[in-house]
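Take 1 as the starting number for the sequence shown in full-length UniProt numbering and just add one per residue. Just so it is clear, CB atoms sit at the ideal spot from N, CA and C, and this is done for glycine as well. Note that the structure is a prediction, hence the values are computed from the model and not measured. Everything on this sheet refers to the single structure shown next.
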Amino acid sequence: MQPLLIELVNFGPYRHAVIDFQAFYEHSLFLISGKTGAGKTTIFDGMCFALYGITSGGLRQGKEMRSTFADTGEETRVRFVFRHGSYTYEIVRSPEQTVAKKRGSGTREQPASVSLTVFDDAQQEIQQYTKQKDIGPLLEDLLHLNAAQFAQIVMLPQGEFRRFLNADSSEKEKVLRKLFGTDMYRRAAEQIKEQQKQQSKKIEGDRQKVVHYIDTLEWEPEFAEKKPESTAVDDVLRLAEEQHQSYRDSITRLDARRQLVTDKQEQLEAVIRQKEQLLSQFAARDELLAEQTRLTAQADDITSQKVQLKKMQDVQAMQTDLRLEQELLAEHAETEREHQTISAHLTASETKLVQLRQQLAEVNGREQAMTEKTRELTEMRRVLPLFEETDKLKAQQKTWQTELKQQTEALQAVQQQQTVLENRRTELNQALQKSQQLWSDKHSLEIRQQQLEQTEKTVRRLHQLSLEQKTLADSAGRIKTDISRLTAELAEAEADYNQCKSDWAAMQIARLSMDLIEGSPCPVCGATEHPEPYHAVASTSEEIARAEQLMTEAEEMVQLVREKLAARQESAKHLDKQLSDKQKTAADTRSELLDMPSAEVVAAEAISGDWDAALTVVQAELSGAEAQSKAVSEALTRLEESRQTLNETEEQLKTVTEQKTVLTDKLNSQQQQLVRIEAGIAERTSQFPPDWHDAAQLTGLIAREDTALAEWNKERHGLGDELNELDKQRAQQTSTQSYFAERLTVLGKKLDTQQTLVADKLAKAAIAAAEVPSLQAELSRMPEIEAVVAAYQSAVALNADKLTDVTAILQGQEKPEMTADKAALAELMQEKSAVETEKIVRQETMKRNDKTIARIKEVQASVRQELVELTELTELSDVLNGDGANKMSIERYVLQTYFEEVLDVANERLQHLTRNRYAFELNEAQGSYKKRTGLEINVYDDNVGGVRSVNTLSGGESFIAALSLSLALAEVIQRQAGGVQIDALFIDEGFGSLDEDALETAIESLEMIEGDGRLIGIISHVKELKERIPQQLEVLSSASGQSTVKQKEIDE
């Protein structure tokens, strides 16, 4: 990839800068110079941002690169053009930024955007991409590099590589890990180590389980005294087995004792059962005697129940006669009731018959009147059509009168409307005369409004400038505070550095003093005699290395604080310049405000600088002008609406006048027709009776008379029918009355005969008539009483039989005593229970101990297997993490392979640059610690024919070695990425710390690699480089913080 051109717009300190790299390809080597903080490295940041959307160091996002001086109407963007293969690529990228709205005022958030255009050899566009999801993968496939690798290959921070050259293996490992992506090996090694730790924790946990299980074992006192330490697991298990055997022997003895007690218990229980049987016979005899006494007491009651049962049996035999007697009594009473009822109905029918005959005579008396009504109805029906015609004429008369009234009222309304419209036209003509003045007022108000809007805009600008001045002043104050703090930090850091340097020198001197040989020159003063050598406790190599590391870190801290201080001082100058510019702009704007036509509105506030108050005043004035203008506009609108209303009203008036003429003609015609109708009505009315008024009244009268005549006929026929029906009903009731009288006579005779029969049978059974109802009620209890009597007789017989048998059995026997036998049985059962309880306790103890022992053995087996696994994990972890004898981790082993390749490539350049004097060698010796093993570098010095540490190289030699190493590292990374050739290299600083001889060596080295076809840019502010490198790109910074780029070429 060959960079061709880069354009920076509002990016960092550049408002607009274009750098054409093609001008430098002829000589390859060029210098980028400028003050610290001017923006030299920002050029490379622009390349990284264009390709990957981030800066080279990854410290700032793209949106943070937007220039602070960029106007909201201007965008930030970077355009980068490069050639790769036979194609040219142009990428344009803009970050997320705040810009002015395209319409209206205010700002908007513009999202990040990117485009990539591809051109052929003829610079013809062949493809364009506008989406990041397409451009990102395309660039990755094209360059085979991510952002970090690209930055490492193209930008070589020479100072960092000199520190990398002298760093220990651990520090080198951190750098190389990022470049070669070997973090996966480190993570794998850490994972194995973590597994080892977890395995150790698991084993320890299992061992604690074993101790816990041993503590839960139950011991008999005699065995508890013999219990060993819980860690002697096998001894504990053996003792537990001995206790188990003791338990088993004890259980055998307990079983024999239980059997003996059981035999005694069974013999005693047999004796007790015999005595209990005899006792039960004595108890049975006592119960039978008691039952005999109880039965004797019930004899009288049973006798009474037998008498009652006999009466109930007799009554039951008479049930048919008794039932017939009751039926005859009921029938006789029912017949008597019906006879009385029919007699009452017959009396009522005769009374009703007399009433109906009277009513029929009254109705027949109205027959002549009904004949007269029929004649009148005939006359009414003849006259009714005349009335209907008259009503129609009256309806027409009323319609014409109503319509005539409506037309008259409409004509009056039109005349009133005409008067109103003529008055309104007069008013509108008067108002229209004022329209010219309103238009003039509106024009003046619009001019005033424009002037106030311009004043408001200017006041807002002054208000914003005031806020910006305050913000800048606050920022300047904070920066000055930072400068004071950093100045103190710098003094402290320099003191720390001097102390570290002094400590390191003291250690070196003490170490060297231990190695003084009489007659050899002193490495400090050169003397060959050492009469008073320095006596001190010699420091170890690690302590010296640590002191050297502390000194290096202190030196880096000094450099870091100096850079921060320089940056803050530069920022302070930049802010002071910005504040001065803002103040000048504010003064010019204030003068501009006071020259405006409407300046008198805010003159007082402008003089005092109270822009909030000024803004309030001008907004109030502007609101008033807007309100006045709105009122005038509304008045003009109303005038225009009134003019339109007037035209519409005149059109309406013309229409109404025409309607008035038509209505007048129609009214005259209707009046004539009304006269004719009234004459016809008068003619017909003279023919009617005076009490007949109209057809409706006559129709109602006819209906009423028809109804009355129909009701009379209905009433007469109804009374005749009812009279005939009542005659028939009276004849039937008379016949029924005679039937019931005869029936009562027959039933009376039957009842007397049946009552005599029943009385005779009751007398024979000695039953009073009064007892019959209660005996009949109790008939349902006959089975119950019979059962009671039978049960009693059976119980008496059975009791006598049993008592005879028991008396025979007990003859000559005495009642036995069982208290001593039961007490002996209780003692045997208690002894048996105690034996069984003791056996169960021992068995349960054995079960619990067996379960615990099984767990102990199970965990012990797991621990043995886990220990095997732990051994394997420990060996693997030691190998992968470098904790073994060779002190080299798997990641460092892989990095060593990469690093050997880097050193092979670096040796080609190093030998070329040093004319075959120096060559890198990887120090394969095992260090005291891991941090010094695997990636240590030595150099073979051909002049002395031996190997020595890179730390012994001079400043110029260190620069050459670091340059060779950095170029080789870039080349190997490119190989690993797919062999992509990046034909550009930027070397950032690293020259300022070189003395004159070292700088000369560095320049000669750069000149020697100039001709390999790669574009090499040196970023430095060293004066000697400006004199030696003809092609130069000078970055010039102004006091405002803006930078410009100037390409020039000096004569060699």
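Over the uninterrupted alpha helix (DSSP H) stretch that includes I54, give me the two end residues. Taking the first residue of the sequence shown as position 1, residue 54 is located at position 54. Taken as a continuous stretch (DSSP letters only), I54 belongs to no alpha helix (DSSP H), as it is neither H nor E.
Where A330 falls, given that 16 or more other Cβ within 10 Å makes a residue buried: Position 330 of the sequence shown holds residue 330. Classification for A330: exposed.
Measure the alpha-carbon distance for T72 versus I544 and round it to whole angstroms. Locating residue 72 in the sequence shown gives position 72, counting from the first residue. Locating residue 544 in the sequence shown gives position 544, counting from the first residue. T72 and I544 have their alpha carbons spaced roughly 57 Å apart.
Per DSSP, what kind of secondary structure is D109 in: helix, strand or coil? As a position in the sequence shown, residue 109 is number 109, starting the count at 1. The question names Asp, but residue 109 is Glu in the sequence shown. If DSSP states are grouped into helix, strand and coil, E109 belongs with the strands.
To the nearest angstrom, how far is it from the Cα of L51 to the Cα of D983? Within the sequence shown, residue 51 is the residue found at index 51, counting from 1. Within the sequence shown, residue 983 is the residue found at index 983, counting from 1. Here the alpha carbon of L51 sits roughly 16 Å from the alpha carbon of D983.
Distance CB(L278)-CB(Q813) smaller than 8 Å: Residue numbering aside, residue 278 sits at position 278 when the sequence shown is read from its first letter. Residue numbering aside, residue 813 sits at position 813 when the sequence shown is read from its first letter. Yes, the pair counts as a contact, with Cβ atoms nearer than the cut-off.
Beta-carbon separation (whole angstroms), E453 vs L622, contact threshold 8 Å: The sequence position of residue 453 within the sequence shown is 453, counting from 1. The sequence position of residue 622 within the sequence shown is 622, counting from 1. With 8 Å as the limit, E453 and L622 qualify as a contact, their Cβ atoms being about 7 Å apart.
Close Cβ partners of P3 (< 6 Å) along its chain, the five nearest in sequence each way excluded: For the purposes of this step, residue 3 is taken as residue 3 along the sequence shown, with counting starting at 1. Scanning its chain for C-beta atoms nearer than 6 Å, with the 5 sequence neighbours on each side dropped, one finds around P3 the residues F21, F82, A984, in chain order.
Closest to Q451 by CA distance: which of E742, L593, V363 is it? If you number the sequence shown from 1, residue 451 lands on position 451. Residue L593 is the option with its Cα nearest to Q451.
From V841 to A834, what does the alpha carbon distance come to, in whole angstroms? For this step, residue 841 is matched to residue 841 along the sequence shown. For this step, residue 834 is matched to residue 834 along the sequence shown. Pairing V841 with A834, the inter-Cα distance amounts to about 11 Å.
Start and end residues, alpha helix (DSSP H) containing L810: Within the sequence shown, residue 810 is the residue found at index 810, counting from 1. Careful: L810 lies outside any alpha helix (DSSP H) and carries neither H nor E.
Given this structure, state the Cα-to-Cα distance separating A70 from T76, to the nearest angstrom. Position 70 of the sequence shown holds residue 70. Position 76 of the sequence shown holds residue 76. In a straight line, the C-alpha of A70 is about 8 Å away from that of T76.
Rounded to whole angstroms, what's the CA-CA distance from T303 to Q313? Just pull it up for me. In the sequence shown, the residue the question calls residue 303 occupies position 303. In the sequence shown, the residue the question calls residue 313 occupies position 313. T303 and Q313 have their alpha carbons spaced roughly 16 Å apart.
Secondary structure of V154, DSSP reduced to three states: Here residue 154 is taken as the residue at index 154 of the sequence shown, counted from 1. If DSSP states are grouped into helix, strand and coil, V154 belongs with the helices.
With which residues is Q2 paired in a DSSP beta bridge? Taking the first residue of the sequence shown as 1, we reach residue 2 at position 2. Looking at the DSSP assignment, Q2 forms a beta bridge with R83.
Looking at L328 and Q776, is the spacing between their C-beta atoms short of 8 Å? By one-based count along the sequence shown, residue 776 stands at place 776. By one-based count along the sequence shown, residue 328 stands at place 328. The criterion of a C-beta distance shorter than 8 Å is not satisfied by Q776 and L328.
Do you know how far the Cα of E362 is from the Cα of K373? In the sequence shown, residue 373 corresponds to position 373, counting from 1. In the sequence shown, residue 362 corresponds to position 362, counting from 1. Each residue's alpha carbon lies about 18 Å from the other.
Alpha carbon to alpha carbon, what distance is there between Q359 and K394? Locating residue 394 in the sequence shown gives position 394, counting from the first residue. Locating residue 359 in the sequence shown gives position 359, counting from the first residue. In this model, K394 and Q359 are separated by some 48 Å (Cα to Cα).
Could you compute how far the alpha carbon of T566 sits from the alpha carbon of T455? Locating residue 566 in the sequence shown gives position 566, counting from the first residue. Locating residue 455 in the sequence shown gives position 455, counting from the first residue. What sits at residue 566 in the sequence shown is Ala, not Thr. Our two residues, A566 and T455, have alpha carbons roughly 43 Å apart in a direct line.
Keeping to the same chain, check which residues put their C-beta closer than 7 Å to that of F740; ignore five residues upstream and five downstream. On the sequence shown, position 740 is the one that residue 740 refers to. Here the set comprises T335, E338, H339, I342.
What does the alpha-carbon distance come out to for the pair L31 and I1018? The residue you call residue 31 lines up with position 31 of the sequence shown. The residue you call residue 1018 lines up with position 1018 of the sequence shown. Cα to Cα, the separation comes out at about 5 Å.
Going straight from the alpha carbon of Y792 to that of E784, what length do you get? The residue labelled residue 792 in the question sits at position 792 within the sequence shown. The residue labelled residue 784 in the question sits at position 784 within the sequence shown. Counting only the Cα atoms, E784 lies some 12 Å from Y792.
Quick one: residues in its chain with C-beta nearer than 6 Å to the C-beta of R257, no 5 flanking neighbours on either side, listed in chain order? For the purposes of this step, residue 257 is taken as the residue at position 257 of the sequence shown. Closer than 6 Å at the Cβ level, and outside the excluded window around R257, lie V835.
When DSSP labels each residue in this structure, what does R485 get in the three-state scheme? In the sequence shown, the residue the question calls residue 485 occupies position 485. In the three-state reduction of the DSSP assignment, R485 falls in the helix class.
Delimiting residues of the alpha helix (DSSP H) encompassing F899: Working through the sequence shown from its first residue, we reach residue 899 at position 899. Element bounds for F899: 890-913.
Rounded to a whole number of angstroms, what is the C-alpha to C-alpha distance between K201 and I192? Counting from 1 along the sequence shown, the entry for residue 201 is found at position 201. Counting from 1 along the sequence shown, the entry for residue 192 is found at position 192. Between the alpha carbons of K201 and I192 lies a distance of about 14 Å.
Rounding to the nearest angstrom, what Cα-Cα distance links L139 and L165 in this structure? Locating residue 139 in the sequence shown gives position 139, where the first residue counts as 1. Locating residue 165 in the sequence shown gives position 165, where the first residue counts as 1. Each residue's alpha carbon lies about 32 Å from the other.
Residues in the same chain with beta-carbon distance under 8 Å from E648, minus the five sequence neighbours each way, listed in chain order, please. On the sequence shown, position 648 is the one that residue 648 refers to. Here the set comprises nothing.
At a cut-off of 7 Å, would you count V789 as near the ligand ADP, judging by its Cβ distance to the nearest heavy atom? As far as ligands go, the structure on display features none, and thus does not contain the ligand ADP.
Could you tell me the distance, in whole angstroms, from the CA atom of N943 to the CA atom of T130? In the sequence shown, residue 943 corresponds to position 943, counting from 1. In the sequence shown, residue 130 corresponds to position 130, counting from 1. So the two alpha carbons sit approximately 59 Å from each other.
Around the C-beta of F11, are 16 or more other C-beta atoms found within 10 angstroms, so that it is buried, or is it exposed? Position 11 of the sequence shown, counted from the first residue, corresponds to residue 11. By the neighbour-count definition (other C-beta atoms within 10 Å, threshold 16), F11 is a buried residue.
What is the C-beta distance between T852 and L239, in whole angstroms, given that I count them as a contact (C-beta under 8 Å)? Your numbering for residue 852 matches position 852 in the sequence shown. Your numbering for residue 239 matches position 239 in the sequence shown. Rounded, the Cβ-Cβ distance is 13 Å, inconsistent with contact.
Out of Q843, F920, R1028, L828, which has the shortest C-alpha to C-alpha gap to Q265? By 1-based counting over the sequence shown, the position of residue 265 is 265. It is L828.
Span of the beta strand (DSSP E), counted from its first residue to its last, around K1048: Within the sequence shown, the letter at position 1048 stands for residue 1048. It spans 1043-1049 - the beta strand (DSSP E) in which K1048 sits, taken as one unbroken run.
Closest Cβ-Cβ distance between V939 and chain D: below 8 Å? No chain D is present in this structure, which holds just one protein chain.
Please name the residue, chosen from E90, S250, L143, E325, that lies closest to L757 on a Cα-to-Cα basis. If you number the sequence shown from 1, residue 757 lands on position 757. Taking only the C-alpha atoms, the option nearest L757 is E325.
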